[in-house]
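*Asks:*
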Amino acid sequence: MAISTKRNQNLMNLVKKVHGIVENTDLEKHRLSQDHFGVLLGNSKEVDIKEFEIEGIHGEWISVNRAHMKKYIILYCHGGGYSTGSSIYARTLTTKFAMSTSMDVLCFDYRLAPENPYPAATEDAMKIWNYLMLLGYGARDIIMAGDSAGGNLALSLVLKLKQENRLLPRGLVLMSPWTDLTASGKSHVTRADIDPVLSPAYLDDMTNNYAKGEDLTDPFISPLFGDYAGFPPTYIQVGDNEMLLNDSTMLHKRMVKENVSVKMDIFKGMWHVFQMSPFKTAYEAMDKNAEFIYDICR
């Protein structure tokens, strides 16, 4: 999982530059540039993208245009700190998921903060879940997946389903999940200078946008503090150069304690949601995601 230090440093510098182009203090411009990025890196001749709208929520189905498995689907929650991101931006990941698993992927545009703070995103995720139930999918036919804030949302939705005594999905795949809005992990300090994507100021802004005035230890806001007894199998991927490293390691520890079948890979020299990047380690990580999904669908 390692690449040479010099090459890795060059990659991180490149990621920082690209991220700097996308990032903008004007949220609307930030959202637009992310969509351009998604179109640029997320389009593939191997997949078909079909838009849908349900109860005012826009989204898209991503399917490989060859014979493929229809029984199981991946419900994908995009990242972006709950303030940015979209199903278009997430194509850098959803198309890879569709191609590596040969499963249909559904990604949806939940309402964003600060216009729509907590609990808007979780409410929208629940609407999409209920929509899938109406389409005839069973809970066990669905694998939840998400990156960053989308990992937070995937966890929050499953915790909410559990609270309501409903059936839970077959499994979860989380890439660099943002699980702790209280920022209690040491990596929020120790990785602040080397993380090419996140910064303490950015995370503070996103936290304020999404959950200002809320109790940040609420498990539906910071899933790290959730009750995981009876949770489905979970696979976590995280880079060891990212501020959210401990958001993953502490979640892993908690799940192990609650007897969840959980697996975590820490990718050396990697940054926040490195799987978006078009290079070898990213494709290897997506293959590992697919392996985990195949294992739990046996």
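Everything in the sequence shown is counted per our numbering, starting at 111 for the first residue and increasing by one.
Note that CB positions come from ideal geometry on N, CA and C, so glycine has one too.
In this text the structure is predicted, and so the values were computed from the model without any measurement.
Is it buried or exposed, Gly246, if we count other Cβ atoms within 10 angstroms and call 16 or more buried?
*Replies:* Per the 10 Å Cβ criterion, exposed.
*Asks:* Please return the same chain residues whose Cβ sits closer than 8 Å to the Cβ of Val157, not counting the five positions on each side in sequence.
*Replies:* Counting only Cβ-Cβ distances below 8 Å, and skipping sequence neighbours, we find Ile172, Ser173, Val174, Asn175, Thr205, Ala208, Met209.
*Asks:* Where Met316 and Gly260 are concerned, what is the direct C-alpha to C-alpha distance, given to the nearest angstrom?
*Replies:* Using only the alpha carbons, I get a separation of about 13 Å.
*Asks:* Buried or exposed for Val268, going by 16 or more other Cβ atoms inside 10 Å?
*Replies:* Under this definition Val268 is a buried residue.
*Asks:* When DSSP builds the beta bridges, which residues end up paired with Leu282?
*Replies:* DSSP, once it has assigned bridges, lists Met254, Thr344 as partnering Leu282.
*Asks:* Put His168 into one of helix, strand or coil per three-state DSSP.
*Replies:* The answer is strand: DSSP assigns His168 an E or B state.
*Asks:* Is it the case that the Cβ atoms of Val283 and Tyr345 are separated by a distance below 7 Å?
*Replies:* Going by C-beta atoms, Val283 is nearer than 7 Å to Tyr345.
*Asks:* Since Pro342 and Pro279 should fall inside the 8 Å C-beta cutoff, what is the C-beta to C-beta distance between them, to a whole number of angstroms?
*Replies:* Between Pro279 and Pro342 the Cβ distance is about 6 Å, and since that is below 8 Å, they are a contact.
*Asks:* How long is the line joining the alpha carbons of Ala400 and Thr211, rounded to whole angstroms?
*Replies:* Roughly 5 Å between the two C-alpha positions.
*Asks:* Give the DSSP-derived three-state secondary structure of Phe207 in the structure shown.
*Replies:* Helix, per DSSP.
*Asks:* In this structure, does DSSP put Met365 in helix, strand or coil?
*Replies:* In the structure shown, Met365 sits in a helix (DSSP, three-state: H, G or I).
*Asks:* Have a look at Asp136 and Leu244 and give me their C-alpha separation to the nearest angstrom.
*Replies:* Taking the straight line joining both Cα atoms gives about 38 Å.
*Asks:* Can you look up Phe335 in the DSSP assignment and give me helix, strand or coil?
*Replies:* It is helical.
*Asks:* Restricting to Cα atoms, I'd like to know which of Tyr228, Ser309, Glu394, Ala249 is closest to Cys407.
*Replies:* The residue with the shortest Cα to Cα distance from Cys407 is Ala249.
*Asks:* Would you mind stating whether Tyr182 and Asp251 have Cβ atoms separated by less than 7 Å?
*Replies:* For Tyr182 and Asp251, yes; Cβs fall inside 7 Å.
*Asks:* Output needed for Leu291: all residues of its chain with C-beta closer than 7 Å, excluding positions within five of it in sequence on either side, in chain order.
*Replies:* The residues are Thr317, Ala321, Leu326, Ile331, Ser332.
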